[in-house]
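A.B. asks: According to this note's numbering, the sequence shown holds residues 609 to 843 in order.
C-beta atoms are modelled at their ideal positions from N, C-alpha and C, and glycine is treated no differently.
Just passing along the structure, written as structure tokens.
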Amino acid sequence: MSKRDLGILCDVVDLPTAPFIERYVIDYIRGFVASRPTLRLRSDRFGNLLVQYTPAGRHRRNTNRPVLFAAHMDHPGFVATEMVDDKRLRAEFRGWVRAPYFAGQRVKFFSEGRWIGGRIQKVIRQGAEGRPARRATASARSFGADAPPDAVIATVSGAVTPGSPGMWGLPDATIRGHRLRSRMCDDTAGLAAILCMLDAICRKPIASKCYAFFTRAEEVGFAGALAAVSERTVP
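Shown next as structure tokens:
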């Protein structure tokens with residue numbers, strides 16, 4: 609990978625995101641497209657994004673069948689719901705991560721333009737607040753995956769605005785040799801790869817039309833992708 613590609617990769621995997629709280633990833637993609645004249649972007653009413661590359665110049669009349677690349681913009685994560693008191697935050701969890709990975713773990717929330725660190729103090733189990741417990745899918749049951757908690761109480765170093773995304777308290781991305789270490793890679797690393805591809809063909813045009821399709825809330829059951837099917841977002 610070039611330094612240019614590595615920059616895109618690290619930028620994207622460092623962004624805060626969670627199911628239905630993908631706004632920072634969406635803003636990054638919008639900025640990326642706005643600076644490249646051969647790309648066009650549209651969103652459907654669910655917030656999924658479709659980026660189109662159209663050949664220019666001598667390639668404009670090419671009629672090859674387009675190719676579509678897809679990735680999702682979220683990662684399993686927390687969503688702040690309320691400050692319980694000056695130092696404790698309640699946050700929902702969205703996604704499927706096994707319950708043993710929560711108790712006592714470091715977390716961080718992106719609120720009002722900055723990261724606020726914390727640590728999980730209490731785990732609120734499935735159904736403990738009167739809500740129906742989520743059932744594991746067949747694939748999850750096949751490797752013994754227990755259900756994640758509904759929510760957590762975390763001690764935090766400052767006030768967190770409700771609706772802020774939260775993630776595991778891991779550092780920003782680093783690359784050592786050929787290995788990337790980051791808070792997340794599913795699926796933002798795949799998304800970054802698609803952006804690198806688009807960047808390359810904008811600088812060295814190809815003859816085929818192609819699309820990049822970025823969906824929301826995959827981690828809670830392909831919500832954005834299924835909505836896009838009903839909307840016929842993809843041509």
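Would you say isoleucine 634 and glycine 615 are within 9 Å of each other, going by their C-beta atoms?
C.D. replies: It is not a contact, given that the beta carbons lie outside the stated cut-off.
A.B. asks: Could you check where the alpha helix (DSSP H) with cysteine 847 kicks off and where it finishes?
C.D. replies: It is not possible to answer for residue 847, since the shown part of the chain is limited to 609 through 843.
A.B. asks: What number of angstroms, rounded off, separates the C-alpha of arginine 707 from the C-alpha of isoleucine 629?
C.D. replies: For clarity, residue 707 is alanine in the given sequence; the question names arginine instead. Their backbone Cα atoms lie some 22 Å apart in a straight line.
A.B. asks: Where does serine 643 fall in DSSP's three states?
C.D. replies: Serine 643: coil per DSSP, three-state reduction.
A.B. asks: Extract the residue ranges of the beta strand (DSSP E) inside the region 743-809, only unbroken runs of 3 or more that lie entirely within it.
C.D. replies: Those beta strand (DSSP E) runs which fall completely within the region 743-809 and span 3+ residues are 759-764, 773-776, 782-784 and 787-789.
A.B. asks: For alanine 767, I'd like the list of residues in its chain whose CB is within less than 7 Å of its CB, leaving aside the five on either flank, ordered along the chain.
C.D. replies: So the list reads Met691, once near-sequence residues are dropped.
A.B. asks: If you count every other CB in all the chains shown that lies within 10 Å of the CB of lysine 611, and 16 or more means buried, which is it?
C.D. replies: Its Cβ having fewer than 16 others within 10 Å, lysine 611 is exposed.
A.B. asks: What whole-angstrom Cβ distance do threonine 782 and arginine 791 have, given they're in contact under 8 Å?
C.D. replies: Not a contact, Cβ separation roughly 11 Å.
A.B. asks: Methionine 609: buried (16+ other C-beta within 10 angstroms of its C-beta) or exposed?
C.D. replies: Looking at its Cβ environment, which holds fewer than 16 other Cβ atoms inside 10 Å, methionine 609 is exposed.
A.B. asks: Tell me whether proline 645 is buried or exposed, calling it buried when 16 or more other Cβ atoms sit within 10 Å of its Cβ.
C.D. replies: With fewer than 16 Cβ atoms within 10 Å of its Cβ, proline 645 is classed as exposed.
A.B. asks: Confirm, please, whether the CB-CB distance from alanine 759 to arginine 699 is below 9 Å.
C.D. replies: What sits at residue 699 in the sequence shown is alanine, not arginine. Yes.
A.B. asks: Is the beta carbon of glycine 721 closer than 9 Å to that of valine 764?
C.D. replies: No, they are not a contact pair.
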